[in-house]
Amino acid sequence: MIKISVLSLLLIIELTIFYRVDSTLAYPFRGIIHLFMAWWYYSERKNELNLTDRLFLISCLVPAITPIPIYIFGFTWGTLLEAVMLLVSYQLLIKIYSLEGAEIRLANNLKTFGMILTPYVFFPLAYFFFIVYPVAKPDVLLITSIYLIQIMYMAVLSAYLPFSEKSKLYISLGMFFILFASGASVHRVYVAPYEFDYGIVRIAANLGRILIIIGLLNRTKREIFLPKLA
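Right under this line is the structure:
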């Protein structure tokens with residue numbers, strides 16, 4: 092609870108600086124928040140680090156440097172490069188889920204698959220084709236379509252993790268908020284800005300990451316899938 096409180100305080104500082112001082116000065120706090128998330132996870136798992144843990148730490152460190160392209164290339168291109176870097180982070184999460192034993196099995200899980208189609212597949216696809224596709228440029232459409240396919244696959248795969256129901260619930264909710272944050276971010280950058288858009292994106296993205304951390308920290312240990320690294 093203390094760690095979540097610290098993350099909440101850092102997010103409040105970030106948003107306050109963004110809206111009250113200077114938006115460019117707020118971006119470093121995004122990196123600090125992700126670094127703190129990595130430290131939180133490491134502090135809980137440092138005595139039994141395995142391959143999943145190391146990959147997840149890297150997946151936290153990659154978003155920590157995503158604000159850098161914005162300073163170098165400007166907002167529009169910097170945000171596009173940020174999406175590419177986030178693809179790397181999400182690919183690591185997909186690898187983690189696979190290592191933990193997640194496997195999409197349609198034959199004997201039709202009910203589960205049907206329940207996750209609407210929030211993780213139908214809604215994102217509908218938003219992309221009806222809202223983003225008509226207004227975005229070809230290069231943006233290429234990146235966002237690749238991003239969308241990967242994040243949808245990651246979200247669906249998370250529903251098949253062989254964890255306890257409580258742990259799976261945390262991770263599934265985390266996936267939902269990450270999907271929501273991604274859509275909200277695309278809308279503010281490439282469709283149209285809206286009131287408190289940056290704050291909505293950052294709150295949803297951080298909540299998603301926090302829920303995934305809680306889910307992974309409470310997962311059932313499966314050492315058969317996770318050889319320890321020397």
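Under this note's numbering, think of the first position of the sequence shown as 92, with each following residue one higher.
Beta carbons: idealized from backbone N, C-alpha and C, even for Gly.
Around the Cβ of S96, are there at least 16 other Cβ atoms within 10 angstroms (buried) or fewer (exposed)? Your numbering for residue 96 matches position 5 in the sequence shown. Burial check for S96: the Cβ neighbour count within 10 Å stays below 16, so the residue is exposed.
Bounding residues of the alpha helix (DSSP H) (the contiguous stretch that carries E135): Taking the first residue of the sequence shown as position 1, residue 135 is located at position 44. Segment 114–136, the alpha helix (DSSP H) holding E135.
Could you tell me how far apart the beta carbons of I269 and I237 are, in whole angstroms, since I believe they sit closer than 8 Å? Translated into the one-based positions of the sequence shown, residue 269 becomes position 178. Translated into the one-based positions of the sequence shown, residue 237 becomes position 146. That pair is no contact at about 16 Å.
For P253 and S263, what's the separation of their Cα atoms in angstroms? In the sequence shown, the residue the question calls residue 253 occupies position 162. In the sequence shown, the residue the question calls residue 263 occupies position 172. So the two alpha carbons sit approximately 13 Å from each other.
Using alpha carbons as the reference points, say which of L152, P119, A296, G306 lies closest to E256. Taking the sequence shown and counting its residues from 1, one reaches residue 256 at position 165. Minimum Cα distance to E256 is reached at G306.
From the DSSP output, in three-state form, read off I103 for me. Locating residue 103 in the sequence shown gives position 12, where the first residue counts as 1. I103: helix per DSSP, three-state reduction.
Kindly indicate which residue of Y281, R111, A129, T115 has the alpha-carbon position closest to the one of P229. Residue numbering aside, residue 229 sits at position 138 when the sequence shown is read from its first letter. Closest option to P229, Cα to Cα, is Y281.
For the putative contact between L183 and V231, defined by C-beta atoms under 8 Å, what is the C-beta separation to the nearest angstrom? Locating residue 183 in the sequence shown gives position 92, counting from the first residue. Locating residue 231 in the sequence shown gives position 140, counting from the first residue. Actually they do not touch by this definition, with Cβ atoms about 24 Å apart.
Short of 8 Å in beta carbon distance, which residues of its chain neighbour F127, apart from the five on each side in sequence? Order them along the chain. Within the sequence shown, the letter at position 36 stands for residue 127. Hits under 8 Å: K94, V97, L98, L101.
Evaluate contact between the segment 135–142 and the segment 152–168, counting only Cβ atoms and requiring at least three cross-stretch pairs below 8 Å. no
Should A217 go down as buried or exposed, given a rule of 16 or more other Cβ atoms within 10 Å for buried? Reading the sequence shown from its first residue, position 126 is the one you call residue 217. Classification for A217: exposed.
Spatial neighbours of G169 within its chain, please: CB distance less than 6 Å, with the 5 preceding and 5 following residues excluded, ordered by chain position. Translated into the one-based positions of the sequence shown, residue 169 becomes position 78. P160, I161.
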